[in-house]
Amino acid sequence: MDKVIIDGAIVDNLWRRLEGESLENALPEGKIIVPLAYWQANRDTLIARGEVAVWLAPGEEPRDLEDDLQQLPLIAIHFPAFKDGRGYSYARELRTRYGFKGEIRATGDVLRDQLFYLQRCGFNAFEIRSDRSIEDALAGLKDFTVSYQGDVMDPRPIYRRA
Amino acid sequence: MYVYQEHDQRLLEERVAQYRDQTRRYLAGELSEDEFLALRLQNGLYVQRYAPMMRIAVPYGLLSSAQLRRLAHITRTYDKGFCHVSTRQNIQLNWPALEDVPDILAELAEVQMHGIQTSGNCIRNTTTDELAGVNPKEIEDPRPWCEIIRQWSTFNPEFAYLPRKFKIAVNAVPDEDPAIIGVHDIGVQIVHNDAGETGFEVWAGGGLGRTPMTGAVIGEFVPWQHLLSYLEAILRVYNKYGNRDNKYKARIKILVKALGADKYRELVAEEFAELKDGPMTLTDEEVQRIKQCFTAPAYNSSADNSELEAQLADNKAFNRWYHTNTHAHKEAGYRAVTLTLKKTSRVPGDITHDQLDAVADLADQYSFGEIRNSHQQNMVLADVANSDLFTLWQKLDALGFATPNLGLLTDMVCCPGGDLCALANAKSIPIAESIQHRFSDLDYLHDLGTLDLNISGCMNACGHHHIGHIGILGVDKKGKEFYQITLGGRGDQFTRVGEKLGPSFEADEVTDVIQKIIDLYVEKRHENEPFIDTYERIGMDTFKERIYG
């Protein structure tokens, strides 16, 4: 089974992210992450099915899920390219504006050297790009031991910490 | 200046370790070119025409003598013995080896320096008036605010992968714009309200480059406690909605223009409403702590200026230098002194390792051990006693830093251009050199008076050509270098983008065209009328007619 980093540990990936053709036929068994548009079109059926989460592409904002957050155990934010930084703001909004307590998962072009910042913005799960070592990537969560700004883990900037 | 605490130092050391490992993984083939690109840029490393170019951050231009000596050592050890002062008040090395950069960063970290966020699509070095703290016209010292912004922007996790680069400048002088905040992604104007409380007029959406424009006021009075929350709100809107498909349309200026300032203001207000009074709110204690790092040095000058007055009366060259290259100071008995890095035959802004050491010694002897870089690519000793000016002038003259041309035509701002930079369409240094030679006569130069001439080798505008009274831009026409001239730009009392004169010129025509522009000015000017005023009075058409007619 694929692996994923959740809360700082490498564990089995129980969720499958669906896109494109895989949505045209009957949905597979088990935990699935569907695109926002698919969720919006099939909301009631999906809620009845259970074991469903939603992923956001760049340009799709947390606001679009505002009324659904209670239903969702997990929201994935997809990075088609690691340099597209919109997802950092989305994760932050999910945590601080909407108080989302579930899992926020980074998918797509997710690499070791971005993990530290992603984590500070509210991601707690990382599907590392499949051609890279997930063990190696884990080290990226510990690049720094100090930060000037507050973040999702500790909202206090350094001048408000003891 | 800001003194690092244990946590500041630890952060730098962890950054060096991180980058050392990233370089190792790149060289081992574990990181692709594209993945490493984003990482090395945020540590200041470009790969240029002939070699990497490394940009070292100098927060708001301020350096200690120990830092200057370390830069001298680095240029000697890892480069060809010279470096370059940039228009963002930073220092650039032109020939470091990629493999050496982790060692260079480790040496810099020992003196609290780094290359953090000096390039890449992130928040860059915050800049300000090079006379900050001593300028008698400022309403308060802008440096503590710059430092507060520096800490907020350093490794800000949400804004490391913006649509494009992002530059912030702070100005504390009313009715003048020495930090050219009008052409920054965010310009912060320090203001006081009727109750005497500090706040900020916040501009957004200015910039040079391909589509030059001045910014719009987004926040009219942001109380000091909310500075960071407000900046964060502006950045979040930009991060979410800035164009990511076309790098030429990706700066915040394009977004502000497309949405309109009112709509942008509305989006910012929405974000700000949520952040305001939150944990980012600045505390009085923190602002005081930072302000304590920028207190005045132990000034101790005699009120008696008779010796200086005698020296000024006796020595014409000293007198000229004093009036051209030194500035009024907040403290009686002191002047701020600009070291012009613009001597004829010198690449504007370049300085050698032994000169760096010499300037460090002069700073220790005459200016409390501090140096500033200016965005006009000069250096400043900001706290020189009147009684030391004559001796300092002699020493600077021996070093070649006393050319009395500050603010005059040959005090050109010039990017490295096609000789060094991979982005450039044309060379800029030979153009600067040719103009320097044509206008080397000091009496003539002084007669022409204040004149900003700026040269960029491409439309990225590192030489700020749009805001030169005369701007020169290198362009490529079918593989040949041409130069487009603009007139009427301003980066003085206020910021304004210049207008194109007309069709571009070949390299060997440029100096003659500049001469014709100058000749027309001399013919038409009223007594004591500076170039820019004559231009504004007689208009572009008169110049067009003379040049192309």
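Sequence lines, in order, name chains B and F. First residue of the first sequence: 77, per the numbering used here; consecutive thereafter. First residue of the second sequence: 31, per the numbering used here; consecutive thereafter. Note that the Cβ used here is the ideal one computed from N, Cα and C, for glycine as well.
Residue interval of the alpha helix (DSSP H) (run including residue i)
{"i": "Arg-85(F)", "result": "From DSSP, Arg-85(F) is part of no alpha helix (DSSP H) but of the beta strand (DSSP E) over 82-86."}
{"i": "His-37(F)", "result": "36-57"}
{"i": "His-467(F)", "result": "459-468"}
{"i": "Asn-269(F)", "result": "257-271"}
{"i": "Ser-183(F)", "result": "173-183"}
{"i": "Leu-411(F)", "result": "Unbroken run through Leu-411(F) is the beta strand (DSSP E), 409-415; no alpha helix (DSSP H)."}
Limits of the unbroken beta strand (DSSP E) element including residue i
{"i": "Ala-85(B)", "result": "85-88"}
{"i": "Gly-504(F)", "result": "500-507"}
{"i": "Tyr-76(F)", "result": "75-77"}
{"i": "Leu-123(F)", "result": "121-123"}
{"i": "Asp-391(F)", "result": "From DSSP, Asp-391(F) is part of no beta strand (DSSP E) but of the alpha helix (DSSP H) over 383-396."}
{"i": "Gly-217(F)", "result": "216-222"}
{"i": "Gly-229(F)", "result": "228-234"}
{"i": "Ala-199(F)", "result": "198-201"}
{"i": "Trp-27(F)", "result": "Residue 27(F) falls outside the range modelled here, since chain F spans only 31 to 579, and no answer is possible."}
{"i": "Gly-249(F)", "result": "246-253"}
{"i": "Gln-585(F)", "result": "Because chain F is modelled from 31 through 579, residue 585(F) falls outside the range shown and cannot be assessed."}
{"i": "Phe-41(B)", "result": "No statement about residue 41(B) is possible, as the shown extent of chain B runs from 77 to 238 and does not include it."}
{"i": "Lys-79(B)", "result": "79-82"}
Same chain, Cβ closer than 6 Å to residue i, neighbours up to 5 away in sequence not counted
{"i": "Asp-482(F)", "result": "Gly-498, His-499"}
{"i": "Cys-445(F)", "result": "Ser-458, Ser-486, Gly-487, Cys-492, Gly-493"}
{"i": "Pro-378(F)", "result": "Lys-372, Gln-407, Met-442, Cys-444, Ala-462"}
{"i": "Leu-92(F)", "result": "Met-31, Arg-402"}
{"i": "His-359(F)", "result": "Val-164, Arg-365, Ala-366"}
{"i": "Gly-55(F)", "result": "In the sequence on display, residue 55(F) carries Arg and not Gly. Once the five neighbours on either side are set aside, the close Cβ partners of Arg-55(F) are Leu-61."}
{"i": "Phe-561(F)", "result": "Leu-481, His-499, Tyr-551"}
Contacting residues, own chain, Cβ-Cβ under 7 Å from residue i (five flanking each side not counted)
{"i": "Glu-301(F)", "result": "Ala-263, Arg-266, Val-267"}
{"i": "Ala-454(F)", "result": "Gly-447, Gly-448, Gly-487, Cys-488, Gly-504"}
{"i": "Arg-232(B)", "result": "Gly-226"}
{"i": "Gln-341(F)", "result": "Phe-348, Phe-420"}
{"i": "Leu-214(B)", "result": "Ile-81, Ile-86"}
Any C-beta of chain F under 8 Å from that of residue i
{"i": "Gly-184(B)", "result": "no"}
{"i": "Arg-92(B)", "result": "no"}
{"i": "Arg-171(B)", "result": "no"}
{"i": "Pro-156(B)", "result": "no"}
{"i": "Tyr-193(B)", "result": "yes"}
{"i": "Arg-168(B)", "result": "yes"}
Contacts that residue i makes with chain F (C-beta to C-beta distance below 8 Å)
{"i": "Asp-160(B)", "result": "Tyr-191, Arg-274"}
Cross-chain neighbours of residue i in chain F, by beta carbon under 7 Å
{"i": "Ser-165(B)", "result": "Glu-188, Arg-266, Asn-269, Lys-270"}
{"i": "Ser-223(B)", "result": "Phe-185"}
{"i": "Gly-226(B)", "result": "Pro-309, Met-310"}
{"i": "Arg-196(B)", "result": "Pro-187"}
Per-residue contacts from residue i into chain B (C-beta, under 9 Å)
{"i": "Phe-324(F)", "result": "Neighbours of Phe-324(F) on chain B: none; closest Cβ ~16 Å, over 9 Å."}
{"i": "Thr-12(F)", "result": "An answer regarding residue 12(F) cannot be provided, because it is not within the stretch 31 to 579 covered by chain F."}
Neighbour flag for residue i against chain B, beta carbons, 8 Å
{"i": "Phe-185(F)", "result": "yes"}
{"i": "Glu-177(F)", "result": "no"}
{"i": "Met-310(F)", "result": "yes"}
{"i": "Gln-255(F)", "result": "no"}
{"i": "His-144(F)", "result": "no"}
{"i": "Arg-40(F)", "result": "yes"}
{"i": "Glu-168(F)", "result": "no"}
{"i": "Glu-44(F)", "result": "yes"}
{"i": "Glu-316(F)", "result": "yes"}
{"i": "Glu-206(F)", "result": "no"}
Neighbouring residues, chain B, relative to residue i (Cβ below 7 Å)
{"i": "Gln-19(F)", "result": "Nothing in the structure corresponds to residue 19(F), since chain F is present only between 31 and 579."}
{"i": "Gln-48(F)", "result": "Asp-219"}
{"i": "Ala-68(F)", "result": "Lys-159"}
Chain F residues whose Cβ lies nearer than 9 Å to that of residue i
{"i": "Pro-231(B)", "result": "Gly-308, Pro-309, Met-310"}
Contacts around residue i, its chain only, beta-carbon distance under 8 Å, and the 5 residues preceding and following it disregarded
{"i": "Asp-120(B)", "result": "none"}
{"i": "Ile-179(F)", "result": "Thr-156, Ile-198, Val-200, Val-218, Leu-257, Leu-258, Leu-261"}
Interface residues of chain B facing residue i [CB-CB closer than 8 Å]
{"i": "Leu-138(F)", "result": "Near Leu-138(F) there are no residues of chain B at all, since even the closest Cβ is about 18 Å away, more than 8 Å."}
{"i": "Trp-182(F)", "result": "Tyr-224, Gln-225, Pro-233"}
{"i": "Glu-65(F)", "result": "Phe-158, Leu-187, Asp-189"}
Contact list for residue i against chain A, beta-carbon separation under 9 Å
{"i": "Glu-463(F)", "result": "Included in the structure are the protein chains B and F, with no chain A among them."}
*Decide if the region 143-158 of chain F is in contact with the region 190-208 of chain F; the criterion is three or more beta carbon pairs, one per stretch, under 8 Å apart.*
yes
*Counting Cβ pairs closer than 8 Å, one from the region 220-236 of chain B and one from the region 93-109 of chain F, do we hit at least three?*
no
*Are three or more beta carbon pairs between the region 385-392 of chain F and the region 336-352 of chain F nearer than 8 Å?*
no
*Would the region 550-562 of chain F and the region 460-474 of chain F be scored as touching if the rule is three or more Cβ pairs under 8 Å?*
no
*asked:* Count Cβ pairs between the region 208-218 of chain B and the region 79-87 of chain B that sit closer than 8 Å; are there 3 or more?
replied: yes
_Touch test, the region 333-349 of chain F against the region 413-430 of chain F, Cβ-Cβ under 8 Å, three pairs minimum_ = yes
_Inter-stretch contact (C-beta, 8 Å, three-pair minimum) for the region 74-82 of chain F and the region 125-136 of chain F_ = yes
_Counting beta carbon pairs with one atom in the region 95-103 of chain F and one in the region 184-192 of chain B, are three or more of them shorter than 8 Å?_
no
*When the Cβ atoms of the region 223-239 of chain F are set against those of the region 270-288 of chain F, are three or more pairs found closer than 8 Å?*
yes
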